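Notes follow once the structure below has been shown.
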Amino acid sequence: MNDNGQIDEYPDAFAEEHAEGGEYAPPASSGAVTLSAVVILAAAAVTFVLFKPAFYAACVSTIGVGLFVYALRAPLRRDMARPAILMSFLMPSLAWMLPNVWLVYLVMLVWVPLFAGRIERVAGIYLFSLLLLPGLDQPIELGGLKLFDFGIHDALALGAAFAIFKDSRKCRVAAGDDIRVGLLLMVLVFAMARNSTLTHFMRMITNVVLDFGLPYYILSRGLAGVDAMRSAMRWLAASGAGLAGVLTFEVWNWWPMYNELYWRQNVPMLLVVKTRGAMLRAGGPFNEPTSIALVMAMCLFALWLLRSDFRTKALHTLLCVVTFIGLSAPQSRNAWIGLGLAILLADIFTGRWTALVRKVVPAAAAIGLIMAIASLSPDWSESLGMSGQGSDTADYRRALLERGSEEFWKRPITGYAARELELRLDDMRQGEGIIDYVNTYLWFGLFAGAGGAAIFVANMFAPLAQLWRRRSMLAEIGATAPAAFVFGCMAMLATTLFFTSFGGRIAFLTFGYIGIAAAIRTACRGAWAEDTSGDAIAWRPPIVALQR
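Sequential numbering of the sequence shown, starting at 2, is according to this note's numbering.
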């Protein structure tokens, strides 16, 4: 913090400690390194001969992750390098190599505990793994009765949640945070299961807990200290570097590789390949460009905040450029807007007003230049969504808002059951035969009424208010970077969800960030208790000091 009370960077105390030579873990033995190399080479040989999509997906994602770990400071690199490179190569390789999707689920069930080893790495490795493969969801049935849906992301979440649950060092968050999130989970169950059968209601409860409850639990309980929070940011940023390689490769080769994984594992799925401006809109393992672009914006935002974790400014800048290229591959306006908003709010959150002013002028000049080029280039204009298909999607969003608002005001308190609303909004069906609710706030209002929408809004904005009130304490305990990250991401989501549907990994991460905010609040509460006790001279994690 400088003399004006402004924070020049986003360091944590533990990052400075490790930069001086401390480490999270001892260096890997030569035997472990050799074994890892043999495993990767064997997987590369098999996939190159039998499963070309797996080979290319594994290679390009590992190159991105390898560049990330190479750029890290030595202690952090020793902690991350081997598991990060192994996971980035083996996840796509195993997903294609295993002959049955249920075997993939089984491997993913033990994946996070196997690579984490200790609780402070569970949340980060869960986030890293969550982004590298599609869900491949299948129904679990008993005697012809569908019980619930299950997929790779559910298996990863169950394994991570179990690893945290059995560890006595897990974080204990305030009951108010759990109650607020619990109400939102109940709203989701009500919205998706109202006016249906008992079996469908029970199925929705299970799906909601698996999809949304577990990510909140993992990231609220698995971050029992500031160093674990920053570690989770590093793992998320590393996954963004890996995905940048995949997305760039897909655009360059006009090849949505991960669509073939559904065919390989015989998992039914409506797969749509989207283009804009004579270019493929890459979807990577998300199989959908809009959501992966928004997640890439979050990964790049985390990377931008972690400057002090990297050896040189040049390497950090190179990684930011690589990740931004990957972010641009899906051609999503929401992601660009969300990233810019998050960066500006991070400067406001930390009081870096001079840095904020320095960004505004070049940003305005860049926007003006881009708009001028778009006015002269039809392809560029379409890529930016100013004409062609991009303009059509904007028109659909406006029409959906108008029609949805009409129906909302007819029944603002209770909303509608799914079947009734589908009939009322039948004129909003798209070419795929679906009504795409690309406005999350409108979706909650229509399906759960004003009360359900209010609960959703409370969950989106309560973490922002809590973090804003604790800015001084966050700086004292070295949690500025994690807090600025959550603040920026929640603001990004609160804005972009006006134009995006709520589902998949966007929804998983929304609950996850609410969980991180709860963990940060717990860290502040623990620091305050230590400070007021009179016999503590330094802050420690609120439950127990993390073992390295």
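Even for Gly, the Cβ is constructed at its ideal location relative to N, Cα and C.
None of the values given here were measured: they were computed from a predicted structure.
Cα-Cα separation, Ile64 to Val39: As a first step, residue 64 must be located in the sequence shown, where it is residue number 63. As a first step, residue 39 must be located in the sequence shown, where it is residue number 38. Roughly 17 angstroms separates the two Cα atoms.
- request: With Lys171 as the anchor, note down where its beta strand (DSSP E) starts and where it stops.
  value: Numbered from 1 along the sequence shown, position 170 holds the residue referred to as residue 171. Neither: Lys171 is in no beta strand (DSSP E) and is coded neither H nor E.
message: Please report the distance separating the alpha-carbon of Phe287 from that of Lys411.
response: Taking the first residue of the sequence shown as position 1, residue 287 is located at position 286. Taking the first residue of the sequence shown as position 1, residue 411 is located at position 410. Across the structure, Phe287 and Lys411 are spaced so that their CA atoms are roughly 36 angstroms apart.
- request: Measure how close the beta-carbons of Glu408 and Arg425 come, nearest whole angstrom, since I'm counting them as under 8 angstroms.
  value: By one-based count along the sequence shown, residue 408 stands at place 407. By one-based count along the sequence shown, residue 425 stands at place 424. 5 angstroms between Cβ atoms; contact.
- prompt: What does DSSP give as the partner residues of Arg79 in its beta bridges?
  reply: Numbered from its first residue, the sequence shown carries residue 79 at position 78. Partner(s): none; Arg79 has no beta bridge.
query: Straight-line CA distance for Leu199 to Arg79?
result: To locate residue 199, count along the sequence shown from 1; it is residue 198. To locate residue 79, count along the sequence shown from 1; it is residue 78. Roughly 52 angstroms separates the two Cα atoms.
- prompt: Using DSSP with H/G/I as helix, E/B as strand and the rest coil, what is Phe311?
  reply: Here residue 311 refers to the residue found at position 310 of the sequence shown. DSSP places Phe311 in strand when its eight states are reduced to three.
- prompt: In chain order, which alpha helix (DSSP H) runs of at least 4 residues are fully inside the segment 459 to 531?
  reply: 472 to 477, 481 to 497
field: Spatial distance of Arg282 from Pro331 (CA atoms)
entry: Along the sequence shown, one-based indexing puts residue 282 at 281. Along the sequence shown, one-based indexing puts residue 331 at 330. The C-alpha of Arg282 lies about 4 angstroms from the C-alpha of Pro331.
Extent of the continuous alpha helix (DSSP H) run through Pro286: For the purposes of this step, residue 286 is taken as residue 285 along the sequence shown, with counting starting at 1. Looking at the DSSP string, Pro286 is not in any alpha helix (DSSP H), and its letter there is neither H nor E.
- request: Please list, in chain order, all residues of the same chain as Glu261 whose beta carbon is under 8 angstroms from its beta carbon, the five residues on each side excluded.
  value: What you label residue 261 is simply residue 260 of the sequence shown in a count that begins at 1. Cβ neighbours of Glu261 beyond the five flanking positions: Pro54.
message: In chain order, what are the residue ranges of uninterrupted alpha helix (DSSP H) at least 4 long that sit wholly in the segment 182 to 263?
response: 199 to 209, 215 to 222, 227 to 254
message: Quick check on the burial criterion: 16 or more other C-beta atoms within 10 angstroms. Buried or exposed for Phe457?
response: Here the question's residue 457 lines up with position 456 in the sequence shown. Buried is the call here.
- request: Could you tell me if Ala96 is buried or exposed, where buried requires 16 or more neighbouring beta carbons within 10 angstroms of its beta carbon?
  value: Here residue 96 is taken as the residue at index 95 of the sequence shown, counted from 1. Sixteen is the threshold: when 16 or more other Cβ atoms of the shown chains lie within 10 Å of the Cβ of Ala96, as they do, the residue is buried.
CB of Thr318 within 8 angstroms of CB of Leu301, strictly: Here residue 318 refers to the residue found at position 317 when the sequence shown is read from its first residue. Here residue 301 refers to the residue found at position 300 when the sequence shown is read from its first residue. Contact: no.
message: In the DSSP output, what is Arg398 paired with across the bridge?
response: Sequence index remark: in the sequence shown, residue 398 carries index 397 (1-based). None; Arg398 has no bridge partner.
message: Can you tell me whether Met280 is helix, strand or coil according to DSSP?
response: If you number the sequence shown from 1, residue 280 lands on position 279. The answer is strand: DSSP assigns Met280 an E or B state.
- prompt: Where do the N-terminal and C-terminal ends of the alpha helix (DSSP H) with Phe69 fall, by residue?
  reply: Taking the sequence shown and counting its residues from 1, one reaches residue 69 at position 68. Phe69 -> alpha helix (DSSP H) spans 53 to 72.
query: Starting from Leu424 and walking both ways along the beta strand (DSSP E), at which residues does that stretch end?
result: Residue 424 sits at position 423 when you count from the first residue of the sequence shown. No beta strand (DSSP E) holds Leu424; the alpha helix (DSSP H) holding it covers 419 to 425.
message: Let's see if you can read the secondary structure: which residues bound the alpha helix (DSSP H) around Asp155?
response: Against the sequence shown, residue 155 aligns to sequence position 154. 153 to 166 is the span of the alpha helix (DSSP H), which, as asked, contains Asp155.
Gly152 versus Asn267: straight-line alpha-carbon distance, rounded: One-based indexing of the sequence shown puts residue 152 at position 151. One-based indexing of the sequence shown puts residue 267 at position 266. Cα to Cα, the separation comes out at about 13 angstroms.
query: What residue from Thr351, Phe500, Phe448 has the CA that sits closest to Arg471's CA?
result: In the sequence shown, the residue the question calls residue 471 occupies position 470. Comparing Cα-Cα distances from Arg471 to each of Thr351, Phe500, Phe448, the minimum goes to Thr351.
- request: Taking 8 angstroms as the threshold, find out whether the segment 153 to 172 comes into contact with the segment 244 to 259 through three or more Cβ pairs.
  value: no
- prompt: Candidates Arg222, Leu148, Arg173: which alpha carbon is nearest Ile206's?
  reply: Residue mapping note: residue 206 aligns to position 205 of the sequence shown, counting from 1. When each option's Cα is compared against that of Ile206, the closest is Leu148.
field: Distance between Leu220 and Ala303 (C-alpha atoms, nearest Å)
entry: In the sequence shown, counting from the first residue as 1, residue 303 sits at position 302. In the sequence shown, counting from the first residue as 1, residue 220 sits at position 219. Using only the alpha carbons, I get a separation of about 16 angstroms.
message: Quick check on the burial criterion: 16 or more other C-beta atoms within 10 angstroms. Buried or exposed for Lys167?
response: Taking the sequence shown and counting its residues from 1, one reaches residue 167 at position 166. Result: exposed.
message: With the cut-off set at 8 angstroms, would you say Ile478 and Val174 are in Cβ contact?
response: The residue labelled residue 478 in the question sits at position 477 within the sequence shown. The residue labelled residue 174 in the question sits at position 173 within the sequence shown. No, the pair does not count as a contact, with Cβ atoms beyond the cut-off.
field: Cβ neighbours of Ser1 in the same chain (closer than 7 angstroms, five flanking residues each side left out)
entry: Nothing about residue 1 can be read from this structure; the chain reaches only from 2 to 549.
- request: Quick one: residues in its chain with C-beta nearer than 7 angstroms to the C-beta of Gly492, no 5 flanking neighbours on either side, listed in chain order?
  value: Counted from its first residue, the sequence shown places residue 492 at position 491. The sequence given here has Ala at residue 492, not Gly. Leu342, Ala343, Leu346, Leu465.
- prompt: Which residues in the same chain as Ala233 place their Cβ atom closer than 7 angstroms to its Cβ, once the five residues preceding and following it in sequence are excluded?
  reply: Your numbering for residue 233 matches position 232 in the sequence shown. Here the set comprises Ala124, Gly125, Leu128, Leu224.
query: Thinking C-alpha only, which one of Tyr217, Phe202, Asn254 is nearest Ala194?
result: Start at 1 with the first residue of the sequence shown, and residue 194 comes out as number 193. Selected option, being the one with the closest Cα: Phe202.
message: Taking 6 angstroms as the limit between beta carbons, can you name the residues of its chain near Val188, skipping five residues before and five after?
response: As a working mapping, residue 188 is identified with position 187 in the sequence shown. Closer than 6 angstroms at Cβ, skipping near neighbours: Ala449, Gly453, Ile456.
- prompt: Out of curiosity, what's the CA-to-CA distance linking Gly327 and Leu215?
  reply: Taking the first residue of the sequence shown as position 1, residue 327 is located at position 326. Taking the first residue of the sequence shown as position 1, residue 215 is located at position 214. Taking the straight line joining both Cα atoms gives about 28 angstroms.
message: Beta-carbon within less than 6 angstroms of Ala520's beta-carbon, same chain only, minus the 5 sequence neighbours each way: which residues are those?
response: Looking up residue 520 in the sequence shown gives position 519. Only Cys172, Ser221, Leu224 meet the Cβ criterion.
- prompt: Name the DSSP bridge partner or partners of Gln139?
  reply: For this step, residue 139 is matched to residue 138 along the sequence shown. As DSSP reads the structure, Gln139 sits in a beta bridge with Phe151.
task: Have a look at Thr35 and Tyr71 and give me their C-alpha separation to the nearest angstrom.
output: Counting from 1 along the sequence shown, the entry for residue 35 is found at position 34. Counting from 1 along the sequence shown, the entry for residue 71 is found at position 70. Thr35 and Tyr71: Cα-Cα distance of roughly 18 angstroms.
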